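Contents: one structure, followed by commentary.
2 protein chains.
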Amino acid sequence: MGTTQLESVPEPKYWHLKTVLSEALDSEFSVGEILPNERDLAARFGVARATLRQALEQLELEGRLQRRRGVGTTVAPPRVGVAVGTEQHAWPGAGEDAWQSVDCVLAAPPAAVADVLETGSEELVHTVRRSRVSHGQPVAAELLYIPESSVPDLSAIDTPSATARARAVLRELQRLELEGQDRAVELGSARADDAKELDRLPGAPVLVVTTRFFAEGRTAAVSVATYRADTCRLTFADSGNVEIHHGPERQAS
Amino acid sequence: MGTTQLESVPEPKYWHLKTVLSEALDSEFSVGEILPNERDLAARFGVARATLRQALEQLELEGRLQRRRGVGTTVAPPRVGVAVGTEQHAWPGAGEDAWQSVDCVLAAPPAAVADVLETGSEELVHTVRRSRVSHGQPVAAELLYIPESSVPDLSAIDTPSATARARAVLRELQRLELEGQDRAVELGSARADDAKELDRLPGAPVLVVTTRFFAEGRTAAVSVATYRADTCRLTFADSGNVEIHHGPERQAS
């Protein structure tokens, strides 16, 4: 695939190169394999290094490549489907779920969270940090915000164990009757603390899932969960009647 | 905020700068306002241009800034919540929905779609292209794949009108009883044709929503919808009992 053909297309050059590279990944490389260096790749496809880098960035966005420090660029395994919102009638931490509590603090929430909770910006909120592991990989970091008014009978927590504190708050939350929940998904960039937990650099693209839990006619808790965008596809099942098997292993495009 | 403070933090410098910039956006700028040029901004915050650019990229990922050719960098309006999957018992195109059919062709689907549909790679599939507009802005472009076996009684479509062809295929699809659907959300980059429809450059980050529609015990249709990641937050409502109002207007972080 020479320079001439790349120059004759109306699309940006890096875009066409991306398609060509993507086909090469399918036919010549296997998962985990390290790509040749940028200079060799640029020479092979007859493009400038800058063009090559743009194409590699695209393929990284699409989850086809992983770039890791000290390793280089490798062919990524297919994204893992991670179920979101399947337990519609369960509070966080009730029954079996994929999350592990890491910490729990009582603190003023970010302004956007205070807005959703309709708490004053002064009101303290229990903030439970949880993490989710799937197939042995960290896939998500969550902050779960629970206003004191949602757990009014919580007695003073007198344990030095962060996970015990988290359990106590979640147990108390579960006394409320959960009336429903909704969620939103948007693109974000990993905060420094989340990035560390997810084994990514700060600022890496992430999928941010904000869930509101409704009880007693109001928003009783808010979860802000940050999923790795490179390795995860979030799956939603609307129907309880249908068995959900694995989806398409790759973005259909 | 001088250089010294930026250098003393353990986080990457661009990350700390991003936080500082974000606060400046809140306090000093209004939506739509054009930011000073990169040189002036870099001087103000005492950072290198490269560091500034990284921070601006982060803020763009988070939907705080928009960069447009010939305009410059402007403060973005809050993301718009776009409902996904609220009509759980309706086929695409049945009743009122937010999508407009643009085109319809009979063609071999991409390999990943053929896998999901369990059609042979040779089998032709009706491909309906639809677009979705919200608040006067294009927010999503969709390709809806319907195997011929899902619309067996479709008579030859003999109209030159692409939208009439699309309507005929969707009408025929609606004869099947919809048993359920599921969906997956993942990060992608805009294909050239989608990018044009969404008023973005090819390769811009997008949220790709893949929906499988189940009928007669199999996958009867697949939709691959590409949403603008800069302006949209996708909203999912699990519960029909709870009125959903506007969510947090900004990523809670």
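Here the protein sequences line up with chains A and B, keeping their order.
If you read the first sequence in full-length UniProt numbering, its first letter stands for residue 1, the second for the next number, and so on.
If you read the second sequence in full-length UniProt numbering, its first letter stands for residue 1, the second for the next number, and so on.
The C-beta atom is built at its ideal place from N, Cα and C for all residues, glycine as well.
In this text, all values refer to a predicted model and were calculated from it rather than measured experimentally.
>> So if DSSP puts D103 (chain B) in a beta bridge, which residue, or which two residues, is it bridged to?
In response: B:R129
> Leaving out the 5 sequence neighbours to the left and right, which residues in its chain are closer than 6 Å to G93 (chain B) when beta-carbon positions are compared?
Replying inline: L170
>> Quick check on DSSP: helix, strand or coil for T73 (chain A)?
In response: strand
>> In this structure, how does DSSP classify S134 (chain A) when only helix, strand and coil are distinguished?
In response: strand
> What are the residues of the region 184 to 210 of chain A that lie near chain B, defined by any Cβ-Cβ distance shorter than 7 Å?
Replying inline: Taking 7 Å as the Cβ-Cβ cut-off against chain B, the residues of the region 184 to 210 of chain A that qualify are A184, V185, E186, L187, G188, S189, R191, A192, P202, G203, P205, L207, V208 and T210.
>> Considering only their Cβ atoms, is the gap separating E172 (chain A) from D193 (chain A) smaller than 8 Å?
In response: When the beta-carbon positions are compared, D193 (chain A) and E172 (chain A) stay at least 8 Å from each other.
>> Suppose the cutoff is 7 Å on Cβ atoms and the five residues either side in sequence are ignored; what does the same chain contact list for L21 (chain A) look like?
In response: A55 and L59
> The alpha helix (DSSP H) spanning V20 (chain A) covers which residue range?
Replying inline: K13 to E28
>> Alpha carbons only, please: which of A:A48, A:L52 and A:A220 is nearest the one belonging to E179 (chain A)?
In response: A:A220
> If you drop the 5 nearest sequence neighbours on each side, which residues of the same chain put their C-beta closer than 7 Å to that of E177 (chain B)?
Replying inline: A215
> Are there 16 or more other CB atoms within 10 angstroms of the CB of V208 (chain B), so buried, or fewer, so exposed?
Replying inline: buried
> From D199 (chain A) to I34 (chain A), what distance separates their C-alpha atoms?
Replying inline: Cα-Cα distance, rounded: 19 Å.
>> DSSP three-state label for T51 (chain A), please.
In response: helix
>> Rounded to the nearest angstrom, what separates S150 (chain A) and G217 (chain A) at their Cα positions?
In response: As the crow flies, the alpha-carbon of S150 (chain A) is around 12 Å from that of G217 (chain A).
>> What does the Cβ neighbour count give for G120 (chain B), buried or exposed, with the cut at 16 atoms within 10 Å?
In response: Per the 10 Å Cβ criterion, exposed.
> Beta-carbon separation of R167 (chain A) and L144 (chain A) under 8 Å?
Replying inline: Annotated as distal: R167 (chain A) and L144 (chain A), with beta-carbon spacing of 8 Å or more.
>> Can you look up E237 (chain B) in the DSSP assignment and give me helix, strand or coil?
In response: With the sequence shown as reference, residue 237 (chain B) is identified as Ala, and Glu is not the correct amino acid for it. Reduced to three states, the DSSP call for A237 (chain B) is strand.
> If we cut at 8 Å on Cβ distances, does Q58 (chain B) have a partner in chain A?
Replying inline: yes
>> Counting only C-beta atoms, is E62 (chain B) closer than 8 Å to chain A at any point?
In response: yes
> Counting only beta-carbon atoms, is W15 (chain A) nearer than 8 Å to chain B?
Replying inline: yes
> Can you list, in chain order, the stretches of the alpha helix (DSSP H) that have 4 or more residues and sit fully within the region 137 to 215 of chain B?
Replying inline: 162 to 173 and 192 to 198
> Just to confirm, are G63 (chain A) and D230 (chain A) a CB contact at a threshold of 8 Å?
Replying inline: yes
>> I believe Y227 (chain A) touches A112 (chain A) by the beta-carbon criterion, under 8 Å. Please report the beta-carbon distance rounded to the nearest angstrom.
In response: Wrong, their Cβ atoms sit about 18 Å apart, outside the cutoff.
> Is it buried or exposed for V71 (chain A), if we count other Cβ within 10 angstroms and need 16 for buried?
Replying inline: exposed
>> Given a cut-off of 8 Å on the beta-carbon distance, is the pair A190 (chain B) and V102 (chain B) in contact?
In response: no
> Can you name the residues of chain B whose CB is closer than 8 Å to the CB of D97 (chain A)?
Replying inline: Ordered by position in chain B, no residue passes the 8 Å Cβ test against D97 (chain A), which lies about 15 Å from the chain.
> In three-state terms, what does DSSP make of R218 (chain B)?
Replying inline: strand
>> What does the alpha-carbon distance come out to for the pair R132 (chain B) and A107 (chain B)?
In response: C-alpha separation (whole angstroms): 23 Å.
> Does any heavy atom of the ligand FAD sit closer than 7 Å to the C-beta of K18 (chain A)?
Replying inline: As for the ligand FAD, it is missing from this structure, which has no ligand bound.
>> In the DSSP assignment, the alpha helix (DSSP H) including L41 (chain B) goes from what residue to what residue?
In response: E38 to F45
> Of the residues A:A43, A:T74 and A:A50, which one's Cα is nearest the Cα of D26 (chain A)?
Replying inline: A:T74
> According to a CB-to-CB cut-off of less than 7 Å, which residues of the region 76 to 87 of chain A neighbour chain B?
Replying inline: R79, G81 and G85
> Hey, out of B:R212, B:F213, B:T211 and B:A195, whose CA is closest to P205 (chain B)'s CA?
Replying inline: B:A195
> What's the call for P36 (chain A), buried or exposed, on a 16-neighbour Cβ count within 10 Å?
Replying inline: exposed
> Any beta-carbon of chain A closer than 8 Å to the one on D182 (chain B)?
Replying inline: yes
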